[in-house]
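Per full-length UniProt numbering, residue 1 is the first one in the sequence shown, and the count goes up by one each step.
C-beta: ideal position from N, C-alpha, C; glycine also.
Here the structure is a predicted model, which is why all the values come from computation and not from measurement.
Remarks on the structure that follows.
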Amino acid sequence: MQAQPDQPLPSGFLTSPQLRFYAVGDIHGRLDLLEEVNAKIETDLKRRPCWRSVRVFLGDYVDRGLHSREVLDYLVALEGTCDTVFILGNHETFLTDFIQVPTVLPTWLSVGGLETLISYGIRPPRNPSQADQSRLAAEFAEALPVSHLNFIRSLRPCFAFDDAFFVHAGVRPGVPLGEQSLTDLCWIRDDFLRYDGLFERLVIHGHTPVRAPDIRPNRINIDTGAYATGQLTCMWIEGGRMGFL
1 MQAQPDQPLP SGFLTSPQLR FYAVGDIHGR LDLLEEVNAK IETDLKRRPC
51 WRSVRVFLGD YVDRGLHSRE VLDYLVALEG TCDTVFILGN HETFLTDFIQ
101 VPTVLPTWLS VGGLETLISY GIRPPRNPSQ ADQSRLAAEF AEALPVSHLN
151 FIRSLRPCFA FDDAFFVHAG VRPGVPLGEQ SLTDLCWIRD DFLRYDGLFE
201 RLVIHGHTPV RAPDIRPNRI NIDTGAYATG QLTCMWIEGG RMGFL
């Protein structure tokens with residue numbers, strides 16, 4: 001199904017007609033795109049007022065893009081101005097794991113952690129030794145604001161409301177939604193993406209970049225690779241309708 005400004009939710013799924021959700025895909029350090037999307041949401045709310053709206057961010061706020069620290073500053077501030085739900089992404093787990101287990105640094109650097117560290121004023125050497133890793137973890141723990149650490153620790157593994165299930169990566173087929181593992185919610189790909197049966201709810205997710213929103217009968221992927229493409233996707237859901245800003 002092709003993404004359009006206003007269309008039915010797939011497979012007859014429904015949410016409350018008095019509540020509008022805005023779901024935002026993987027940001028990955030692109031503060032500029034986050035600001036643009038939030039402005040689009042504000043414009044949409046003025047054009048189409050609703051009883052209540054909730055902004056759901058699907059995780060991967062950091063890494064790859066150049067402004068991870070500024071993105072977290074923005075989201076922490078946004079949390080106090082409107083109804084928000086922030087989902088945990090796999091890249092946020094790297095950030096907190098590094099402080100506790102410095103040896104994850106090479107893996108983190110290989111998936112965009114370098115840009116995050118630089119945004120906090122930390123520049124690791126090209127091939128950090130174990131001593132370097134421990135030193136950098138201590139420096140990062142010192143540089144990371146308490147507000148950022150608390151924000152990351154408060155991220156939800158998933159969020160369900162009516163027929164909608166918001167998650168970062170996806171879910172494991174055959175496992176009830178309420179019994180999913182944190183690893184699958186943050187990391188799953190192939191087993192989830194290949195499954196074409198319906199879940200208990202419509203799954204709205206990111207994690208796996210696609211060129212355009214991928215709308216299936218059982219799931220909707222809105223990770224459009226913002227850090228590389230310049231396209232940060234925001235979709236809205238209200239009643240039995242959905243659309244894209």
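Taking DSSP as the reference, what is the three-state secondary structure of residue 37?
-> helix
If we count the other Cβ atoms within 10 Å of its Cβ and call it buried at 16 or more, is residue 51 buried or exposed?
-> exposed
Run of the beta strand (DSSP E) containing residue 165, from where it starts to where it stops = Start and end: 164–167.
Nearest chain B C-beta to residue 122 closer than 8 Å, yes or no?
-> No chain B is part of this structure, which consists of one protein chain only.
In angstroms with no decimal places, state the Cα-to-Cα distance between residue 15 and residue 199.
-> 15 Å
Quick one: is residue 129 buried, meaning 16 or more other Cβ sit within 10 Å of its Cβ, or exposed?
-> exposed
Going by other Cβ atoms of all chains shown within 10 Å of its Cβ, with 16 needed for buried, is residue 189 buried or exposed?
-> exposed
Could you give the residue range of the alpha helix (DSSP H) that holds residue 186?
-> 182–187
To the nearest angstrom, how far is it from the Cα of residue 58 to the Cα of residue 217?
-> 20 Å
Starting from residue 236, follow the beta strand (DSSP E) in both directions and report where the run begins and ends.
-> 234–238
Assuming residue 86 and residue 113 form a contact by the criterion Cβ under 8 Å, report the distance between their Cβ atoms to the nearest whole angstrom.
-> Actually they do not touch by this definition, with Cβ atoms about 20 Å apart.
Which partner residues of residue 244 appear in the DSSP bridge assignment?
-> 235
DSSP beta-bridge partners of residue 94 | DSSP output for residue 94 lists no bridge partner at all.
Is there contact between the segment 202–213 and the segment 35–50, where contact requires at least three CB pairs shorter than 8 Å?
-> no
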